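S.K.: When you number the sequence shown by my numbering, it's gap-free, plus one each residue, and the end is 252.
Submitted below is the structure of interest, expressed as C-alpha cells.
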Amino acid sequence: MTLPFIQIYDTTLRDGTQSEGFNLSANDKVRVAQKLDDFGVSFIEGGWPGSNPKDVEFFERARDMKWKNALITAFGSTCRVKGGPEDDANIKALLDSKTPVCTIFGKTWNLHVTDVLLTTLDDNLRIIEQSVAYLKANGKRVIYDAEHFFDGYKADGSYALETLKAAIRGGAEMVVLCDTNGGSMPWDVERIIREMKSQITHPFGIHPHNDSETALINALTAVREGAVQVQGTINGVGERCGNVNLCSVMA
C-alpha cells in the first residue's frame, strides 16, 4: 500500500514566535530555517512581511540562500475591505518578500465578517477571491488559511464552504482548515471534513491549535480524512497553549 505524501508546513518562525517568552532574531530565524530545510520540511513560513524589521531582514537574506527541500513562505492577510489587492500595503509586502509561496488568511466565521471586518458576507468573498487571484497573477503559489474554519462552519456551514470556494476560484493550490481557538473535538473535525468533502474536492490541509489538548489528534484525524498538509510548529510552541507539535505529527 502506497501512503500519500503529507506536506509538513512549519510556522515556528511566525506563529511560534507568538508564544510567551519565545523571541527570535533575524539571525536565529535563518539558522532555524536552515535546520528545518535539512530536516526535509516542505514549507517554512518565515514571518509576516512588513510587520517588523526582523521579518523584513529574514526574507531579504532568505531569497539569496539555497534551499534543498523547503519553499520559503510569506504570511499575510487578504486585502482590506472597500479596497482591492492592487493598492493594499499588506499584499504589496507579500510580493516584495519575493518568496515563491504566499499564505494568506481570511474570515470564515460570519460573525467575524459582520462584526470585525464590518462588511457584508458577499464582500468578504470578493476580497478572498481577488486577493488570491492577484497574488497568483503576480507569479506566486498561494495557500489559503481559513481562519476559525470549524467555528465558522458550526455557525453557518454553507457560508464557511463558500469562503473556501472563493479562494479556490482565485487560484489557491491548497485550502487550510484552521482550528484557530483550539476548541474543536476530533469527532467534530471528522464530521465537518466529511461534509466539506461532499462539496469540495480540492486539496486541503489542517492548522490545529492546542487549547483543548486535541491538536495532535485533530491533525491525525484530518490526515486520515484526506488532508495533505499539516501546519504546526517544532515542540508545539505558539500563542496561548500552542500549535500542534510537528515532532509528534512526523513521529
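Cβ atoms here follow ideal geometry from the backbone N, Cα and C, with glycine treated the same way.
This structure is a prediction, so every number in the text was calculated from the model and none was measured.
By the three-class DSSP mapping on this structure, what secondary structure does residue 140 have?
M.R.: Residue state, collapsed to three classes: coil.
S.K.: Quick check: residue 43 and residue 9, are their CB atoms within less than 8 Å of each other?
M.R.: Yes, these two residues count as a Cβ contact at 8 Å.
S.K.: Threshold first: 4 residues or longer. Then list the alpha helix (DSSP H) segments lying entirely within the stretch 165-245, N to C.
M.R.: 187-198, 216-225
S.K.: How many angstroms separate the CA atom of residue 131 from the CA atom of residue 84?
M.R.: 10 Å
S.K.: Excluding sequence positions up to five away, which residues of its chain have a Cβ less than 8 Å from the Cβ of residue 252?
M.R.: none
S.K.: Tell me, please, whether the stretch 160-174 touches the stretch 80-100 by the rule of three or more beta-carbon pairs shorter than 8 Å.
M.R.: no
S.K.: For residue 261, count the other beta carbons within 10 Å of its own beta carbon; 16 or more makes it buried, fewer makes it exposed. Which is it?
M.R.: The question about residue 261 has no answer here: the residues shown for the chain are numbered 2 through 252.
S.K.: Measure the C-alpha to C-alpha separation of residue 60 and residue 153 and round it to an integer number of angstroms.
M.R.: Counting only the Cα atoms, residue 153 lies some 33 Å from residue 60.
S.K.: Provide the residue span of the beta strand (DSSP E) that contains residue 19, from first to last.
M.R.: No beta strand (DSSP E) holds residue 19; DSSP gives it neither H nor E.
S.K.: Buried or exposed: where does residue 217 fall if 16 or more other Cβ atoms within 10 Å of its Cβ makes it buried?
M.R.: buried
S.K.: Taking buried to mean at least 16 other C-beta atoms within 10 Å of its own C-beta, is residue 87 buried or exposed?
M.R.: exposed
S.K.: When the Cα atoms are used, what is the spatial distance from residue 58 to residue 244?
M.R.: 25 Å
S.K.: CA-CA distance, residue 89 and residue 165?
M.R.: 22 Å
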